[in-house]
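A short worksheet on the structure shown next.
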Amino acid sequence: MSKIQAAITAIGGYVPEKILTNKHLEYMVDTTDEWIKTRTGIEERRILEEGLGMSYMAAKAVEMLLKKRGIDPLEIELVICCTVTGDLVFPATSNIVCDMTGMKNAWGYDIGAACSGFLFGLETGAKFIETGKHKKVIVIGGDKMSAIIDYKDRNTCIIFGDGCGAVLLEPNFEGLGVVDSILKADGSGKEFLHQKAGGSLKPPTHQTIDAREHYVYQEGKTVFKFAVTNMAEVSHEIMKRNNLTANDVNYLLAHQANKRIIDATADRMGVGNEKVLMNIQRYGNTTSGTLPLLMWDFEKILKKGDNLILSTFGGGFTWGSMYIKWAYNS
Ligand code: UT7
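Under this note's numbering, think of the first position of the sequence shown as 719, with each following residue one higher.
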C-alpha cells in the first residue's frame, strides 16, 4: 500500500465585521497612516466585539468548513486549536468549539506557539493522519489579539488584529498533502515578545493590571531582525532539501506580521512577488490566524499539485517552514 499523507481537503475562515483602520489609530496613538503602511504594509485590521471569545470565530470557521466539505460534525475525530488567546485559561478552546459545533465524537487540545501555532498544529494533526490513527482531523488557527493589545502602545496596537481559519486534514494516497517541515523553537527569545502577567509566574493582581502587564510586550526591532533571518533561512532550507527551485514553487504563504519580513523571505527563496500571497493589508497580524486565513482568501487560485511553502516566525521564539503539495481544485 502507498504511503499515507495528510492533505488539506477543506478550509473555513472568519474575520469580524468591525474594521479598525490606520486613520482610526491616528486618533488613538501618535502614529500616521503613512508610517504604518510603509513600515508594515497594514491598512486595516478586524476587531471582535466584546463579550465574544476566540471560540466564536473558531466555531464560525469550522461550520463553514464542514458545510463546504459536506460532512457531519460527528465524523470529526480530533480538533487541534492553535491560539494564545483561548476563551479561558482552561478548559481548552478546542473542547468549547467541539461543543458549540456538535463535534461530539472528537477529542482535542490547544497548542500555544504564538505566530507559529498553526504550523505546529498542522504538523501535529498530520501525524495522526499519517500513522493511520485518524481519518478526519481539524486544525484551527486564530487569535483575538484585541483582548491582549494595549491600544495606548503604538509599538503593538498598529500591527495586530482578530481572525481565525480552520482546515480539514484527510488521508491522501497520491503523494499530495504535507510533504516536509522544519520546525524550530528558542525560549531565550521570550524576553523580546511576551505577556508579562496572567500566567502562573505572575497571576493577575491589582498591581499587574495597573502596570498594564496583561498586554503584549514586544521589542519590535529585535523581533524584526530575528524574524527576517530565521524565516528566510528556514524557507530556503526546506526548498533545498526537497530539491525545489524558485520555478517549482507555486506560492509562498508567509506569516503576515510585516510586509518587509515577507519580502525578505521571498528574496532569499528567489521567488517573485507574483507568487507571494498577501492579505496583511486587510487583517494585520492575526497571530495563529494568518496562515489559514491566507489559504481561505486564496483558495480559488490554488490548484491540485501546486507546491506551496508555508513559513512563520513568532513569540517563543518559534519558527518554521512546511512544504505542502496542494490536494484539490475548488
Ligand atoms: O508576529 C510576531 C512577530 N512579530 C513581528 O514579526 C514584528 C516585528 N517587528 C516589526 O514589524 C517592526 O519592528 C515594527 C513594525 C514593530 C516597528 O517598525 P520598525 O521599523 O522596527 O520601527 P522602530 O521600532 O525601529 O522605530 C523607528 C521609528 C522610531 O522613531 P525614532 O527613534 O527613529 O525617532 C519610533 O519611535 O519609528 C517610531 N515609531 C513609530 N512612529 C509612528 C515606532 N512605532 C511607531 C508608530 N507610528 N506606530
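Ideal Cβ positions, reconstructed from N, Cα and C, are used throughout, including at glycine.
At a threshold of 7 Å, Lys862 does not count as near the ligand UT7, since its beta carbon sits no closer than that to any of the ligand's heavy atoms.
Shown here, Ile979 sits in a helix according to DSSP, grouped into three states.
The nearest non-hydrogen atom of the ligand UT7 is 7 Å or more from the C-beta of Lys993. In this structure, Ser864 keeps its C-beta atom at 8 Å or more from the C-beta atom of Thr811. Taking non-hydrogen atoms of the ligand UT7 into account, the C-beta of Phe808 is found less than 7 Å away from none of them.
When DSSP states are grouped into helix, strand and coil, Leu792 belongs to the helix group. In the structure shown, Phe1035 falls within a coil segment according to DSSP collapsed to helix, strand and coil. Bounds of the alpha helix (DSSP H) holding Asn740 are 740-746. Membership of Trp753 in any beta strand (DSSP E) is not indicated; the residue belongs instead to the alpha helix (DSSP H) covering 751-758. Here Glu848 is actually not in contact with Ala982; their C-beta atoms are around 32 Å apart, not less than 8 Å. The segment 1002-1010 makes no contact with the segment 804-819, as fewer than three CB pairs between them are under 8 Å. Here Val896 really is in contact with Leu840; their C-beta atoms are around 7 Å apart, less than 8 Å. Scanning Ile900, Cys882, Glu761 for the CA closest to the CA of Phe838 turns up Ile900. Within 10 angstroms of the beta-carbon of Met957 lie 16 or more other beta-carbons, which makes it buried. For Gly731 against Trp1014, the beta-carbon gap comes to about 3 Å, under 8 Å, which counts as contact.
When secondary structure is reduced to three states using DSSP, Ile998 falls in the helix class. In this structure, DSSP gives Leu971 an extended state, which the three-state scheme calls strand.
In the structure shown, Tyr1041 adopts extended strand secondary structure according to DSSP, grouped into three states.
Contact annotation, Ala945 with Ala975: C-beta distance approximately 7 Å; criterion of less than 8 Å satisfied. When DSSP states are grouped into helix, strand and coil, Cys833 belongs to the helix group. Between the beta-carbon of Ser834 and that of Ser953 there is about 13 Å, and that puts the pair past the 8 Å contact cut. Beta-bridge analysis with DSSP links Leu911 to Gln936. In the three-state reduction of the DSSP assignment, Gly895 falls in the strand class. Across the set Gly804, Asp1024, Lys845, the C-alpha of Gly804 shows the shortest separation from the C-alpha of Gly830. Distance from the CA of Asn991 to the CA of Glu752, rounded to the nearest whole angstrom, comes to 22 Å. DSSP places Asp1024 in the coil class of the three-state scheme, outside both helix and strand.
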